[in-house]
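Chains as they are written, first to last, in my numbering: chain R, 1 to 637; chain S, 1001 to 1637. Beta carbons are placed, not taken as given, at the ideal position from N, Cα and C, and that holds for glycine.
Structure representation (structure tokens):
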């Protein structure tokens, strides 16, 4: 089991690598005869979105190599640990593996140019087997679907009726023919109005003819955008939080159950759990990396903490607190360690060092560092203003780099002082400090690099690095009492949102794969279908120079769909694809589906998640008091 | 006091009329020498946004007339009811009145063409004095401001750092000069990126030069739009619901306190509240219109309901239930009344009528009506398809109108049957029935009207009317168990959201008034400042034909700002105004402020309100059980 735990990262990395591999593979519309299309129409170029492609053979080898890793671990697990539920649905996983291997062989059979590839879709399923949090996130999103579609039905009917009315009223108006010429375009225009994608384009065409029609659109937008879409979000929020509450309750029940089983095992011999039993348990736990720091004294302490009624045995109820107690232990441990105390005990106890340590822990030290940071930001501002006004010389850049180095050394000194007085583990526990740590070393490297002979090419890198410093400003916020709670929310939010953002990425990835299969190679500058003289509908696409929005490869396609989701709906690319694709205006359903899935469902889930987390954090404020109270109680023992 | 209650509507109507008057007044940039500007540049025309203007004298008279009404009531209230707190802050209100009268005089002193008008801003304050719900809504939004600005600070800093980085990196790129040429435009572009207004315009300019820069923008948008803006909403939601909970608690406390005082008054004489006391109380209450239906038998019933322990006196705790009991009484009353029973008691008790009434109340009757409705919608679909394909003849229109008449009569029959069997009050209690009632009569009128000789002009009206029928489809949803809860939410949501939407209207109104004062008359077709050849920045405005977006009068200005809010931020109009206004690019702050106030604060409050209401409705499901339990208990007595 420990082997599985320790190799979990290898498996997960292999899955991620497989998905990223899709971005470096040749799109399936390319062939040796018909080269991949670059946007500028030079079909020889392969740098569609600037991503370098891997040629068929190394691609095949890499693909097989990653698959081999996954399959090896899969077979190992099923052979040596048949009883444990390591893989959910092992049969489905083995099916998936065979499909992926078949796909790899199939690609090589076509010498790297297959007419159609299933791999991206299959690969998108892999993370569900390997990332528990992503699986949870998927079930949460699926739980939202049912109430979501109830509202969507109402929204769709509402859009249908509005589109119908508007078409009936305006289909005779030549200026609005493009938007409301017939029922199909009318309904589509009503839909795009609701997404506010082209707003206020549709209405402009109509407004010149009939001013009161503005009121009709106004009512539609008010009801649709401000009412229906908000109700949609409310429904998603309600379903999402409801699901999450159920999940937490179920998890707690599971934990109680498992701990109950463990307790039964421990009490098998003599019916009670005493100190030696717990010691035995912890000897086992110590084999697991996470708990390897535990020593005998701590076991004793933990036992005392668990044994609330002080009868030298642990009852079943007391045993259920073991997980909390295990986490508590770390806090206790961290409070005891300081490297100076550990390695130079004699020096640690001198009065001089104690004063230094006290000063470092004091507020005035932190103020001094904050002042240094502000001065540093002002220097950076000055430097970049000189850069923007083209007043900088190689000499000035050197001087600034030297100043930067000075600042970097101050920060390193701060870091050393802090770790020496608090201990590294405690320093590292704070996310702000981790950020400081990374930025400090990066900036020192950058500053030293800038001191080297100055070339124009290096400028961009130096610019990025210098401005990284400004991000340190955010750590200042964490120190202001007004912002402390907000920053705390962000430190919880960022790691907690990872599964949802991964899901968002994967969802777009699947849509992109489908888009590249269907619409790859359609968008290029001299495509006759994209001439505004032939087709009035693509003038916005061409006029705005949206050529980089295309499905000519995975990277470009992903970016196109991401842009669509961010602005809710992008009519321009939908029209351009509809004009060039052999599916005609049916392709718009692809973008409408993308809107529903990614803009409405996934984005609203992200929103629901953030609101839920924020509200929870607010409620937790009281719980935290209890926790710190608990810590205080156990610390005194 | 009753007089005040009964004239409340007159006051409120006068306030609304005063605000609407602003839309029909000449904008202050107009003068007899320099006519108001119409979009097409013909300065003679006054129909800027199609709204007819009232000339100075009648405008003055109407203004004074409305003010006189309000001031009359104000003086009456302060003279005859000095003790009651009818007007909050009477001093402020009298100041406001004097300012408004001064403004009216000042306008007439300039013969209707004053250089500047304060009236719209002053008028916007009036509703706060006259609409209690709007005042509550305003305090709720003000309560949100404090935590809101904490997050906005972080968003602003984030935008600043990103804009700075992007400007530093891309200011040398000629293609991106328009967006990132200097620090000011760079920061502004970063801001518009974050609003996703021009997305993906800014990035397109940059993408052709450096593909990896897409990742920079991607990170910015991901963090900014999906994280920070969601946190912004979460903060608003949290603050809004927190404020609302406090409000409800405070209201309940107020009610307890007032009822306690009333109880003290009733017990002054003999120390207990008995049936005669309650009778006396209800005699007083009967003078108020709302409770005029009460008779002696009901008083008796109510007394029994209140006296829970059955000792013929009402204790203090029991008295606190009086408000709930008063509302309960109405339900009891409604259940007893049926017009047939009341007016034709002998007929009511015949078996035939009882069967009819039973059938009307049965499910199969409702199914039949639903089927008729669906057939009707299909007929409407057929009719409009013929219309769209230009296959309709005057004769076919007549035939369809006749069919429509037939359907209308069926609906009227249904209405009559329902009211006869249930009683009108009970029928009217259901929002769905009210909607049916209004639509049915309107459609009958429309159908009869269409039977009259057919002219092309009438077509549009008939089209609207026929499609109104489709809105009846929504009443079908209410009958499906799957959608019942949703429809219920909507019936609560629509009336409850009125104050918030009024606030939204007023907030836009104030911004519009400022916009018309500052930017009135700037946007017209042959304005040299709006020639794309002179100014590259206005090409989007001119290219999209956005001429109807302007501040040439109140109606157009309101519509312009509304459009801005709907799409979060409209760069096109901001650029056009900046190009024409004497304030130059400072005018963009006006639009940025509008974005912060209306797009971020007010829109997010609307969203918070909808989510809060939805979550509350969900929790109420349990409470409702208790209420119906209560009703059952009292109904049996």
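- According to the DSSP assignment, residue 1582 of chain S belongs to no alpha helix (DSSP H), since it is labelled neither H nor E.
- Around the beta carbon of residue 257 of chain R, fewer than 16 other beta carbons sit within 10 angstroms, so the residue counts as exposed.
- For the options R:446, R:415, R:423, R:448, the alpha carbon positioned closest to that of residue 437 of chain R is the one of R:415.
- Annotated three-state conformation of residue 173 of chain R is coil, per DSSP.
- In this model, residue 441 of chain R and residue 412 of chain R are separated by some 8 Å (Cα to Cα).
- Flagged as an interface residue toward chain R: residue 1548 of chain S, by a C-beta distance shorter than 7 Å.
- Here the region 568-579 of chain R does not lie against the region 167-187 of chain R, with fewer than 3 beta-carbon pairs under 8 Å apart.
- Among the residues facing chain R, residue 1130 of chain S is not included, as its CB has no counterpart in that chain under 7 Å away.
- Among the residues facing chain S, residue 499 of chain R is not included, as its CB has no counterpart in that chain under 7 Å away.
- Listed in chain order, the alpha helix (DSSP H) runs fully inside the region 1213-1268 of chain S are 1213-1221, 1229-1266, counting runs of at least 4 residues.
- If you draw a straight line from the Cα of residue 537 of chain R to the Cα of residue 185 of chain R, it comes to about 12 Å.
- Distances from the CA of residue 1423 of chain S to each of S:1360, S:1448, S:1495 were compared; the closest alpha carbon is that of S:1360.
- Just measuring C-alpha positions, the residue of R:513, R:577, R:93 sitting nearest residue 527 of chain R is R:577.
- Nearest to residue 1013 of chain S by C-alpha distance, out of S:1615, S:1260, S:1121, S:1127, is S:1127.
- Between the alpha carbons of residue 549 of chain R and residue 158 of chain R lies a distance of about 31 Å.
- Take the alpha-carbon of residue 1238 of chain S and the one of residue 614 of chain R: they are about 8 Å apart.
- Not one beta carbon of chain R lies nearer than 7 Å to the beta carbon of residue 1152 of chain S.
- The Cβ atoms of residue 1304 of chain S and residue 1279 of chain S do not sit closer than 7 Å to each other.
- For residue 610 of chain R, the residues of chain S that pass the 8 Å Cβ criterion are 1227, 1230, 1231, 1233, 1234, in the order they occur in the chain.
- If you draw a straight line from the Cα of residue 1275 of chain S to the Cα of residue 1254 of chain S, it is about 26 Å long.
- When secondary structure is reduced to three states using DSSP, residue 1523 of chain S falls in the coil class, being assigned neither helix nor strand.
- For residue 111 of chain R, there is no enclosing alpha helix (DSSP H), as DSSP marks it with neither H nor E.
- Shown here for residue 1155 of chain S: same chain residues with a beta carbon closer than 6 Å to its own, the five before and five after excluded, namely 1228 in chain order.
- Rounded to whole angstroms, the separation of the alpha carbons of residue 389 of chain R and residue 1188 of chain S is 18 Å.
- Residue 1273 of chain S carries a strand assignment under DSSP once its states are collapsed to helix, strand and coil.
- With fewer than 16 other beta carbons inside 10 angstroms of its own, residue 619 of chain R counts as exposed.
- Counting C-beta pairs closer than 8 Å gives three or more between the region 215-232 of chain R and the region 190-199 of chain R, which meets the contact rule.
- CA-to-CA, the gap between residue 1408 of chain S and residue 1401 of chain S works out to about 10 Å.
- Close CB contacts of residue 1021 of chain S within its chain, under the 7 Å cut and outside five residues either way in sequence, are with 1062, 1063 (chain order).
- Proximity of chain R to residue 1171 of chain S at the Cβ level (cut-off 8 Å) is accounted for by 388, in chain order.
- Relative to residue 1606 of chain S, the option among S:1554, S:1070, S:1498 whose CA is nearest is S:1498.
- Of the other Cβ atoms in all chains shown, fewer than 16 fall within 10 Å of the Cβ of residue 481 of chain R; this residue is therefore exposed.
- Residues of chain S with a Cβ closer than 8 Å to the Cβ of residue 559 of chain R are, in chain order, 1214, 1218.
- If you check the CB distance, residue 1477 of chain S and residue 1487 of chain S come in under 7 Å.
- Classified as exposed, residue 1250 of chain S has fewer than 16 neighbouring CB atoms from the shown chains inside 10 Å of its CB.
- For residue 1207 of chain S, the chain R residues whose C-beta falls within less than 7 Å of its own C-beta are 548, listed in chain order.
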